[in-house]
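Chemist: Take a look at the following structure, please.
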């Protein structure tokens, strides 16, 4: 009989903890019933993966267990469906438990809980076999939502020590498990280590245990409820303090305290997002200028005069004129609107016009931001917000490039046909400026610093700004730049661009937040020393050691940003930012000179001295730290953080957290599959090509990666060497053409030697696994360095060496002679079949050609009768050559594509005879698509058709 109470009859009274227990029971039953059934019925099938099976792998992953096999899939889906009711009830009760007046956080957490429930249903009922993309979308959405759900539940937990303790344990175990989970997944996917997937599976199942266990802790809180529903302790009316309330009381007056304790207002979130997006516009046009300038000396093969466009970087120097400074400070909104003009540059077809438009935009944005910080110097909260927005803008730019394979989608080199989002970017920029600069900055008053006291040196402060902005641009404007510095080839012994680019982005965000909350520590000499050690490790070491240094330097650079800018605005912006951006321009030229020494006046003096460049950069930042320390020493003890500042900070942290989650999502979606298949596997044919790609800019200054992808795919090239491919510098936009090509074409990629090795770059893309690769810098006593990649590929079970090589320029014959001897000995020493994909700078049958094709190297020319060559050559030994073709490049670059076909596993014949195409098996032929006029300007030329041999 139902109990009776004074408020009326209750039909039934059930303690709220049973919602948690029922949810936990059904959830665990779903997973473990599928595991037991799968192990009993399909053990060897569900432990099999793309590389290994039983006995190397002996425990199934979650996805393999709950996937497509009957009946385990049905067990899982039935129980997970039964879980949905208790799950919605759990989210509802949690909201009732935590809801408080004037607080939107409980609503936000409840919304996330409902969202997670729906996405769980998505990846449960749409398997990877049904629709791989949607399965991944639901899965990653669920995982990303887990972070705010977990943190929100911890923040809102009632002050129940036992429950809080178990929540912290479960949350720590969950997020801690992600580290070994990712490690063993990479060991399986990238390194193909036997048994690694079994270890990965144990951690994957642990995630299930901890995820469900975290929600099971609600049983300790819900025992305060009885479901009629009747609140027996008044917790739904906000009478009990939450953990967050208790913490906030203890932390009152501290920098971190109350940051997230105020009400949540969407208008202020929009303000923070608008500030960040205006920062994104700054970094977009700032990083675009170098790419556009680089186009002109590239096509003029020397200094063109357009290089003077970089003077627009130092436009703040005009602010030394008081009337100009006053005018600019009073018209910040106009200046920021003029800055947007760079996003319109893509509308101009003429490269010079695009450059001039971007140059104007850079000049405006340099003045606009210098004056924005200067104008806000008396308002602590507003200045802090502007600095934070600018820093988040850099992170947003890096995330955008991470998502778009190292291209900023709103650069002037992009448009709709090559992956640009220019119209959307421009539209958002207009809205951001309207929102972020709707009020005029104050010019006096405020609480920033007293009129008396030391301000430090304006010149030293300016040097700090110059070193900071250069290092941010050169190293942090793309998440893969420093990874390419420490990359030394296969096997993988360090970070890779995906997924580890997300770690770089995380370090950027963590550093910025730390610098915001702890400026005195971030501006200390101890922090500077740690940053300097990181710079030294990055410069001097490879693999993980070098990357750990990179992360330390990344964290420091973003942490010291608020310190250096706050110090700089104490002086005239014309002096500090004028000096700073002048130093930036000098460092940009320096970092070009170290690799372009053969083409610029005085270049040999700084040849290959990236170490000098890094030293000057860190000393410049040190000068800024010294100036900031001088001014801080005379400043009064900082006041406690105002409530307004605390609230403002929280919204910028929300925007930053959203970007961090986005970067994690991108890392997941872009993670390499490594399940690549050659085009003619059944015929054991390998098609190899060589192409000088001119840094991924076409003849009209548009990004050319998509056009490159199309022709490589249509030519059915399995292995291709790319030359003049190192774009990881400011003047090339800190890009990597191999990332998009490798992911879209399904190929392994080797990039090297790295940008800190001072070459114009070589790269290798392969459908075949790269077993080992070594990067070489060939002898170059006078001219430019000659890069080479020597890789061993697993072609249909046979090991074949492929060498990608770019010889030195024509003006230095002794360099080329030494390089020829080095490479010939390298190829001659290999006991395996070898293919050379090269740029040799020689005529057929003359000079160094006879050293490359000799008894020393053992190499043969793929077609000795092809007299019309000067640069590109394909040489080989130990393989059966069956075909050779030359394909025109249209306007993608200035060099054609040369392609050769080889049959793997058949002996190299002693006497070969050229045969007509009709006698060639279908699988060994070149595509007919390129005959005659070809397609999109690509056609067989010189011979007007491919050549074949029997």
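Residue numbers (full-length UniProt numbering): 1 to 950.
We put the beta carbon where it would ideally sit given N, CA and C, even for glycine.
Every value quoted in this text rests on a predicted model; they were computed, and no experiment measured them.
1) Does the contact criterion of 3 or more C-beta pairs under 8 Å hold for the stretch 356-365 versus the stretch 332-343?
2) State the Cα-Cα distance for the pair residue 85 and residue 666, rounded to the nearest angstrom.
3) If I'm right that residue 925 touches residue 912 with Cβ under 8 Å, what's the distance once you round it to whole angstroms?
4) When every heavy atom of the ligand SAM is checked, does at least one fall within less than 6 Å of the C-beta of residue 548?
5) I believe residue 566 touches residue 456 by the beta-carbon criterion, under 8 Å. Please report the beta-carbon distance rounded to the nearest angstrom.
6) With 16 as the cutoff for other CB atoms within 10 Å, does residue 300 come out buried or exposed?
7) Would you mind working out which of 90, 35, 494 and 102 sits nearest residue 73, comparing C-alpha positions?
8) Contact between the stretch 273-287 and the stretch 406-418 is defined here as three or more beta-carbon pairs at a separation below 8 Å; is this criterion met?
9) To the nearest angstrom, how far is the alpha carbon of residue 883 from that of residue 837?
10) In chain order, what residues of the same chain have a beta carbon less than 6 Å from the beta carbon of residue 374, not counting five sequence neighbours either side?
11) Helix, strand or coil for residue 825 per DSSP?
12) Is the beta carbon of residue 418 sitting closer than 7 Å to the one on residue 703?
13) Give every residue of the same chain whose Cβ lies closer than 7 Å to the Cβ of residue 890, excluding the five residues on either side of it in the sequence, and list them in chain order.
14) Locate the beta strand (DSSP E) running through residue 749, then write down its first and last residues.
15) Alpha carbon to alpha carbon, how far is residue 104 from residue 749?
16) Which of helix, strand or coil does DSSP assign to residue 795?
17) For residue 953, list the residues DSSP reports as bridge partners.
18) Considering only their Cβ atoms, is the gap separating residue 402 from residue 725 smaller than 7 Å?
19) Tell me, please, which residues DSSP counts as bridged to residue 801.
20) For a test of the three-state rule: what should DSSP assign to residue 277, helix, strand or coil?
21) Check whether the stretch 532-551 touches the stretch 486-500, taking contact to mean three or more Cβ pairs, one atom from each stretch, closer than 8 Å.
22) Could you tell me if residue 930 is buried or exposed, where buried requires 16 or more neighbouring beta carbons within 10 angstroms of its beta carbon?
23) Tell me, to the nearest whole angstrom, how far the beta carbon of residue 709 is from that of residue 745; I am working on the premise that it is less than 8 Å.
24) Going by C-alpha to C-alpha distance, which of 902, 906, 914 and 885 sits closest to residue 927?
25) My assumption, with CB atoms under 8 Å, is that residue 465 sits in contact with residue 564. Please give the rounded CB distance.
26) Ends of the alpha helix (DSSP H) at residue 436?
27) Tell me whether residue 861 sits in a helix, a strand or coil according to DSSP, three-state version.
28) In angstroms with no decimal places, state the Cα-to-Cα distance between residue 985 and residue 531.
29) Within 10 Å of its beta-carbon, does residue 406 have 16 or more other beta-carbons around it, so buried, or fewer, so exposed?
30) For residue 807 versus residue 840, is the C-beta spacing smaller than 7 Å?
31) Looking at the unbroken alpha helix (DSSP H) that takes in residue 227, where does it start and where does it end?
32) Since residue 914 sits in a beta bridge, which residues does DSSP pair it with?
33) So for residue 883, helix, strand or coil by DSSP?
34) Taking buried to mean at least 16 other C-beta atoms within 10 Å of its own C-beta, is residue 384 buried or exposed?
35) Under 7 Å between the Cβ atoms of residue 220 and residue 167?
36) Identify every residue that forms a DSSP beta bridge with residue 775.
Modeler: According to the data block:
1) yes
2) 32 Å
3) About 17 Å; that fails the 8 Å criterion.
4) Inclusion of the ligand SAM in the displayed structure is not the case, the ligand content being empty and no account of it being possible.
5) No, residue 566 and residue 456 are not in contact; Cβ-Cβ is about 11 Å, not under 8 Å.
6) exposed
7) 35
8) yes
9) 15 Å
10) 569 and 573
11) helix
12) yes
13) 936, 937 and 938
14) 748-752
15) 47 Å
16) strand
17) As displayed, the chain neither begins before 1 nor continues past 950, which places residue 953 out of reach and without an answer.
18) no
19) 792 and 834
20) helix
21) yes
22) buried
23) 6 Å
24) 885
25) 6 Å
26) 422-436
27) strand
28) Because the chain spans 1 through 950 in this model, residue 985 falls outside it and cannot be assessed.
29) buried
30) yes
31) It is not in any alpha helix (DSSP H) - residue 227 instead sits in the beta strand (DSSP E) that spans 225-227.
32) 949
33) strand
34) buried
35) no
36) 789
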